[in-house]
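One structure below.
2 protein chains.
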Amino acid sequence: MTTDFDATKAMFDLPEGVIYLDGNSLGPLPRGVADRVGRAITAEWGQMLITGWNKAGWMDMPARVGDRIARLIGAEPGHVVMGDTLSIKVYQALASALEMNPGRKVILSDTGNFPSDLYMADGLVRTLGQGYALRTVAPEDVLDAIDDTVAVTLITEVDYRTGRRHDMKAITARAHAMGALTVWDLAHSAGALDCDLSGAQADFAVGCTYKYLNSGPGGPAFIYVAPRHADRARPALSGWLGHAAPFAFDLDYRPGAGIERMRVGTPPILQLAALDAALDVWDHVAMADLRARSLALSDAFIAAVERACPDLTLTTPRDPAMRGSQASFRHPQGYAIMQSLIARGVIGDFRAPDILRFGFTPLFIGFDEVERAATILAEVMANRLWDRPEYHARAKVT
Amino acid sequence: MTTDFDATKAMFDLPEGVIYLDGNSLGPLPRGVADRVGRAITAEWGQMLITGWNKAGWMDMPARVGDRIARLIGAEPGHVVMGDTLSIKVYQALASALEMNPGRKVILSDTGNFPSDLYMADGLVRTLGQGYALRTVAPEDVLDAIDDTVAVTLITEVDYRTGRRHDMKAITARAHAMGALTVWDLAHSAGALDCDLSGAQADFAVGCTYKYLNSGPGGPAFIYVAPRHADRARPALSGWLGHAAPFAFDLDYRPGAGIERMRVGTPPILQLAALDAALDVWDHVAMADLRARSLALSDAFIAAVERACPDLTLTTPRDPAMRGSQASFRHPQGYAIMQSLIARGVIGDFRAPDILRFGFTPLFIGFDEVERAATILAEVMANRLWDRPEYHARAKVT
Chain U
-17 MTTDFDATKA MFDLPEGVIY LDGNSLGPLP RGVADRVGRA ITAEWGQMLI
33 TGWNKAGWMD MPARVGDRIA RLIGAEPGHV VMGDTLSIKV YQALASALEM
83 NPGRKVILSD TGNFPSDLYM ADGLVRTLGQ GYALRTVAPE DVLDAIDDTV
133 AVTLITEVDY RTGRRHDMKA ITARAHAMGA LTVWDLAHSA GALDCDLSGA
183 QADFAVGCTY KYLNSGPGGP AFIYVAPRHA DRARPALSGW LGHAAPFAFD
233 LDYRPGAGIE RMRVGTPPIL QLAALDAALD VWDHVAMADL RARSLALSDA
283 FIAAVERACP DLTLTTPRDP AMRGSQASFR HPQGYAIMQS LIARGVIGDF
333 RAPDILRFGF TPLFIGFDEV ERAATILAEV MANRLWDRPE YHARAKVT
Chain X
-17 MTTDFDATKA MFDLPEGVIY LDGNSLGPLP RGVADRVGRA ITAEWGQMLI
33 TGWNKAGWMD MPARVGDRIA RLIGAEPGHV VMGDTLSIKV YQALASALEM
83 NPGRKVILSD TGNFPSDLYM ADGLVRTLGQ GYALRTVAPE DVLDAIDDTV
133 AVTLITEVDY RTGRRHDMKA ITARAHAMGA LTVWDLAHSA GALDCDLSGA
183 QADFAVGCTY KYLNSGPGGP AFIYVAPRHA DRARPALSGW LGHAAPFAFD
233 LDYRPGAGIE RMRVGTPPIL QLAALDAALD VWDHVAMADL RARSLALSDA
283 FIAAVERACP DLTLTTPRDP AMRGSQASFR HPQGYAIMQS LIARGVIGDF
333 RAPDILRFGF TPLFIGFDEV ERAATILAEV MANRLWDRPE YHARAKVT
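In the order they appear, the protein sequences are chains U and X.
My numbering puts the first residue of the first sequence at -17, with every later residue one more than the last.
My numbering puts the first residue of the second sequence at -17, with every later residue one more than the last.
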């Protein structure tokens, strides 16, 4: 398969006059979604009512849609399931991993991880008590920090601010050599690069779908458990839909087979329908093509910005192997600069304290947009267009 | 306000020829939902992209929609928030309650509770270890079983199978007298009866919205924390949107004010939009009217069925104060009988091992439908219409 990126771009509904470099925060609307969700509401829910759980296949959606994502992240078929939010899935994976590694009490993470991952880990170790602890080190120190006290690593493959990419294979190998398990957060990997969970021998992985997978605001998360663990990982969040026989209504919990046990409550069918439609775009995409184009787009942007904007400092690694699908620059007035850019139709985002973040999503962004965005950024910087009061007021959500 | 139930019925899209007595499993489609969700997709997500979190008010939806539900369950405004699934909210409430009652290790529940509540409690006590335990007694023994070893009770107000209603006020008072906290599951209460959390001095409450509140398959759950606890309950599921300043991206977790801390991850905006539209119906409903009509409808059905179907045994309490908004009958061939009814357009549901369950939802069910449903059930029973092979095959989901 050779990917036709003009064809994938035509599958999105993008507003006029906008260059959207924020698909790594919320992916844009794929054309098929509104119809698909509309059908789920009127033809399925409206007409089938309760029988939709069987007739419309709702009950099987978490596994069926999970399989569509499995291909994109290099997971074995039948080992990914959808549901809940990424934070919940982090908790679920960590709780299972800790129990599978009794005698060790340390979750190792890094200070570049997305804060919610750290918060969920913190909530779990406080709940567990008994000496359980979260240990965080600088991103570049992770490999060396994996020692024989670590029960499980919790690493987001691509840093949400800098775009720095961890070496999943090396970290996983080191963890296994030291007797630790791994939980990989793929928030900025799934749909962003050619992820290979199976090849890296990852133990657990979790991710969200509203970024590069374009499922819409609050789309469901996914969880992967390696086949070798899937039948022995005990779910701490042991909900009825992870039960071996949910509709037997037994009083005692018996975990379902494999990944099914990572289901918890009733799946969000409207959000799953949106995601299912959004995934149609991916049927036409080879992940190696995506990765190559993502790096080429990022390189083109970085080169143009560095030529024209000496005040912006690149914080994303230059080595392609060391980055995801974004380019980030630092500037003390990053917030105002981003506001000024957004006012000119270039939508990236700002991450405290000083990072301008631009996501490159080949499904709908091409070299034209990259060049225009860089030109507009150069104008903003050269003419200090950001230095106006209206761009300095802080929005609630940035 | 006097409720006009013809007007509320006109606000639903119901399939032709169906008498839907299963709104207690999945509520039917309110007319405003498809448009509202369509707007959230095309006008909000499609056009506003990432800025929808502010411009379309997405970020505030969990609290804003929670306030609309607060009125229906007798909660103080500002103390209900939406998100996740009911099972997750059970875990969250229990974990907080246990931590607020150190020195006690017992969660008390009953065998009539919905199994997922018991499973989640079991998952939590296993994760905690250290002697934490789930104790279950028969529903009628709950009050006496609350002793000074109980840290928290976990009771579903209305039994999902029998429709038996616990006395929330009495159980809560007894729990408090014995030094225990209470978690109330309102799955079959919210939108079904005139619930009064504040009056009963409940500590925590949780519930789902896809039953009597008609939010659609997989609609988000809610959680209530009493004002006196809201600022000191520690969230075990400490996600970023429960943080005091989510967009500061601090490495350390600091719980947000009050109920906000019970938020976890990114809220499911499409499902929340569906719920928000579904709640419009409730603007026209006085809960006392709803309760009176629910009981009158149930009474009419029970009387008609008992007259015509001597083989069916009522398992719902006759005392109105002791039941929710459903009527359940036992029969050894309950599954086949329900299949036969469904084939004739009367949709109730079956709950293992032998329960026929009928929900009475005054928003769209009137006395005509109740009478017709009872007549069809009488025909099925009198002529043993259920005794055909096609009705004896077990469906995967019943």
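Cβ atoms here follow ideal geometry from the backbone N, Cα and C, with glycine treated the same way.
When you compare only the Cα positions, how much space is there between residue i and residue j?
i, j, result
"I32(X)", "G5(U)", "8 Å"
"I205(X)", "T295(U)", "45 Å"
"T135(U)", "A182(U)", "14 Å"
"A79(U)", "M64(U)", "19 Å"
"A162(U)", "P202(U)", "28 Å"
"A401(X)", "Y101(X)", "Here chain X comprises residues numbered -17 to 380, so residue 401(X) is not present and cannot be evaluated."
"W40(X)", "L252(X)", "10 Å"
"L3(X)", "P344(X)", "10 Å"
"R245(X)", "G48(U)", "25 Å"
"D293(X)", "W222(U)", "32 Å"
"G56(X)", "L179(X)", "5 Å"
"A274(U)", "G348(U)", "13 Å"
"P302(X)", "A270(X)", "14 Å"
"R18(U)", "G60(U)", "24 Å"
"C177(X)", "A334(X)", "28 Å"
"R108(X)", "P(-3)(U)", "50 Å"
"Y373(U)", "G316(U)", "10 Å"
"A25(X)", "M43(X)", "17 Å"
For residue i, which residues in the same chain have their Cβ closer than 7 Å to its Cβ, ignoring the five residues on either side in sequence?
i, result
"G306(X)", "V140, G145, R147, H170, S171, A174 and L175"
"R354(U)", "I1"
"G327(X)", "G(-1), V0 and I1"
"A75(X)", "V165, F186, V188 and I205"
"P299(X)", "R146 and R305"
"A77(U)", "L106 and A218"
"R13(U)", "M(-7), F(-6) and D(-5)"
"A212(U)", "H61, G240 and I241"
"I358(U)", "L323, R326 and V328"
Note down, in chain order, each residue of its chain lying with its Cβ closer than 6 Å to the Cβ of residue i, except the 5 sequence neighbours on either side.
i, result
"S7(U)", "D331"
"V267(U)", "T(-15)"
"A45(X)", "V63"
"L272(U)", "P344"
"S280(U)", "A309 and F342"
"F346(X)", "K(-9) and F(-6)"
For residue i, tell me which candidate among the options has the shortest Cα-Cα distance.
i, options, result
"L461(X)", "T191(X), R108(X) and P335(X)", "No information on residue 461(X) is available, as it lies outside the stretch -17 to 380 that chain X covers here."
"A159(U)", "D178(U), A77(U), T131(U) and L179(U)", "T131(U)"
"G392(X)", "W35(U), T24(U) and M(-7)(U)", "In the structure as shown, chain X starts at -17 and stops at 380, and residue 392(X) therefore has no counterpart that could be examined."
"T154(X)", "A208(X), L54(X) and V72(X)", "A208(X)"
"I389(U)", "A290(U), H313(U), L254(U) and F349(U)", "Shown here, chain U extends from -17 to 380; a query on residue 389(U) therefore has no answer."
"F340(X)", "R370(X), Y142(X) and W222(X)", "Y142(X)"
"V389(U)", "T138(U), A334(U), A127(U) and A290(U)", "Any answer about residue 389(U) is impossible in this case: the structure gives chain U only from -17 up to 380."
"L125(X)", "S276(X), R156(X) and H313(X)", "R156(X)"
"G224(X)", "P249(X), A278(X) and A334(X)", "P249(X)"
"A256(U)", "D(-12)(U), A(-11)(U) and P10(U)", "P10(U)"
"C291(X)", "A318(X), D350(X) and A360(X)", "A360(X)"
"I89(U)", "V352(U), F96(U), A103(U) and P97(U)", "A103(U)"
"D129(U)", "D149(U), G113(U), F96(U) and K87(U)", "K87(U)"
Mind checking if residue i is an interface residue toward chain C, Cβ cutoff 8 Å exclusive?
i, result
"I241(X)", "Absent here is chain C; the protein component of the structure consists of chains U and X."
Spatial neighbours of residue i within its chain, please: C-beta separation below 8 Å, excluding the five flanking residues on both sides.
i, result
"T93(U)", "T118, V119, A120 and P121"
"I329(U)", "V0, I1, Y2, L3, D4 and L323"
"V379(U)", "Residue placement at V379(U) is flagged as unreliable, the pLDDT there being 43, under the threshold of 50; a coordinate-derived value is accordingly withheld."
Can you list, in chain order, the residues of the region 330 to 361 of chain U whose Cβ is nearer than 8 Å to any Cβ on chain X?
D331, R333 and A334
Check distances from the C-beta atoms of the region 65 to 86 of chain X to those of chain U and list, in chain order, the residues that come in under 7 Å.
D66, T67, L68, S69, I70, Y73 and A77
So if I threshold CB-CB distances at 7 Å, which residues from the region 219 to 232 of chain U count as touching chain X?
L219, S220, G221, W222, H225, F229, A230, F231 and D232
Chain-ordered residues of the region 93 to 112 of chain U with a beta carbon less than 8 Å from chain X
T93, F96, P97, S98, L100, Y101, M102, D104, G105, L106, R108, T109, L110, G111 and Q112
Cβ contact (3+ pairs, closer than 8 Å) linking the region 188 to 199 of chain X and the region 351 to 367 of chain X:
no
Mind the definition here: the region 105 to 120 of chain U touches the region 297 to 312 of chain U only if three or more C-beta pairs lie below 8 Å; say whether that holds.
no
Give, in chain order, every residue of the region -17 to 15 of chain X whose Cβ lies closer than 8 Å to some Cβ of chain U.
D(-5), P(-3), V0, Y2, D4, S7, L8, P10, L11 and V15
Residues within the region 190 to 223 of chain X neighbouring chain U, beta-carbon criterion of under 9 Å:
C190, Y192, G198, P199, G200, G201, P202, A203, R216, P217, A218, L219, S220, G221, W222 and L223
Contact residues within the region 33 to 58 of chain U, judged by C-beta distance below 7 Å to chain X
G34, W35, N36, W40 and M41
Three or more C-beta pairs below 8 Å linking the region 283 to 297 of chain U and the region 216 to 231 of chain X
no
Whether or not the region 252 to 263 of chain U and the region 234 to 243 of chain U are in contact is what I'm after, with contact meaning three or more pairs of Cβ atoms, one per stretch, closer than 8 Å; do they touch?
no
Is the number of C-beta pairs between the region 208 to 227 of chain X and the region 74 to 88 of chain U that are closer than 8 Å three or more?
no
Residues of the region 278 to 303 of chain U with a CB closer than 7 Å to any CB of chain X: list them in chain order, please.
none
Proximal residues, the region 245 to 274 of chain U versus chain X, C-beta separation under 8 Å
V246, G247, T248, P249, P250, I251, L252, Q253, L254 and A256
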